[in-house]
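Numbering (the working numbering), first residue to last: 2 to 256.
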């Protein structure tokens, strides 16, 4: 099966989307809400492309992250219509989140910002829902979109402390605008109006994960508690030492 992206014919596999096919062959399509580990939802609309099906029907603009490839599909990623719509989206995001530098950088690549009046009273959340979707995939669902229109935001139920949160920090790390406040010290993590105590590495004393994250992971994945009491570096060093110990007899035999 083949499609044509920006005039270049490329082989594609059944089940791929236009976005994954384009990235595989090195064609850049901007995204904000997409993550390869999560189901695509087309929330940010930034990955818009123009497509023409093999049947030769009129062209249409679709979200590349959701649109499945099909044989003979023609895809244009940089038409004037596509660029104009991306400019509009980025200009609205810049008006909502004026402090997010990389949105302006993205806009520069698409032809610059259009003139939109700034929204008042907003943080830098662009409602990509990466945080809520990743939280749901983990099976926790501590936060959710609340409100409507320009007042829509991400928050725990009733805007209180996130009682279901385990303090894993996934939502803060995946946020493209880094608008989720997470404060780590040597002993604790503060996020979503809660404070969590870190489990310390038994070897070097570095903080690893929160006690609540460890308890949740043990109940969900069934690994022994000892697995979570070493930091990533010490686990790596321990594995290397074990491998070296096991390989010594082999080296002696080779002599």
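Where a beta carbon is used, it is the ideal one built from N, C-alpha and C, also for glycine.
Values in this document were obtained by computation on a predicted structure and should not be read as measured data.
{"Check": "Span separating the alpha-carbon of residue 31 from that of residue 109", "Outcome": "12 Å"}
{"Check": "Neighbour-count burial assignment, residue 161, 16 or more Cβ in a 10 Å radius", "Outcome": "exposed"}
{"Check": "Residue burial classification, residue 293 (beta-carbon count within 10 angstroms, cutoff 16)", "Outcome": "What is shown of the chain runs 2 to 256, which leaves residue 293 out entirely."}
{"Check": "Spatial distance of residue 228 from residue 195 (CA atoms)", "Outcome": "25 Å"}
{"Check": "Range covered by the alpha helix (DSSP H) that runs through residue 172", "Outcome": "171-175"}
{"Check": "Proximity winner among 29, 111 and 115, relative to residue 65 (alpha-carbon distances)", "Outcome": "29"}
{"Check": "Where the alpha helix (DSSP H) through residue 90 begins and ends", "Outcome": "81-97"}
{"Check": "Touch test, the region 147-159 against the region 60-79, Cβ-Cβ under 8 Å, three pairs minimum", "Outcome": "no"}
{"Check": "DSSP three-state assignment for residue 52, whether helix, strand or coil", "Outcome": "strand"}
{"Check": "Top-ranked residue by Cα proximity to residue 182, from 20, 124 and 80", "Outcome": "124"}
{"Check": "Rounded distance between the beta-carbons of residue 127 and residue 33, thought under 8 Å", "Outcome": "6 Å"}
{"Check": "Short Cβ contact (9 Å threshold) for residue 209 with residue 199", "Outcome": "yes"}
{"Check": "Extent of the continuous beta strand (DSSP E) run through residue 11", "Outcome": "9-12"}
{"Check": "Secondary structure of residue 197, DSSP reduced to three states", "Outcome": "strand"}
{"Check": "Alpha carbon of residue 5 to alpha carbon of residue 52, nearest angstrom", "Outcome": "10 Å"}
{"Check": "Buried/exposed call for residue 56, threshold 16 Cβ in 10 Å", "Outcome": "exposed"}
{"Check": "Neighbourhood of residue 133 by C-beta, 7 Å cutoff - its chain only, sequence neighbours within 5 removed", "Outcome": "144, 145, 146 and 155"}
{"Check": "Local conformation of residue 183 per DSSP, three classes", "Outcome": "strand"}
{"Check": "Reduced DSSP secondary structure (H/G/I, E/B, other) of residue 158", "Outcome": "helix"}
{"Check": "Paired residues, beta bridge with residue 64 - DSSP", "Outcome": "49"}
{"Check": "Same chain, Cβ closer than 7 Å to residue 256, five either side skipped, listed in chain order", "Outcome": "At residue 256 the pLDDT is 49, less than 50, meaning the model places this residue with poor confidence; the figure from the coordinates comes in the next sentence. Excluding residues within five positions, none has a Cβ falling inside 7 Å."}
{"Check": "Member of 168, 111 and 106 whose CA lies at the smallest distance from the CA of residue 136", "Outcome": "168"}
{"Check": "Closest by C-alpha distance to residue 107, when choosing among 226, 178 and 24", "Outcome": "178"}
{"Check": "Chain-order list of residues whose beta-carbon lies under 6 Å from that of residue 73 (same chain, five-residue window excluded)", "Outcome": "55"}
{"Check": "Within 9 Å, strictly: CB atoms of residue 218 and residue 192", "Outcome": "no"}
{"Check": "Status (buried if at least 16 other CB within 10 Å, exposed otherwise) for residue 68", "Outcome": "buried"}
{"Check": "Sub-9 Å separation of residue 17 and residue 70 beta-carbons", "Outcome": "yes"}
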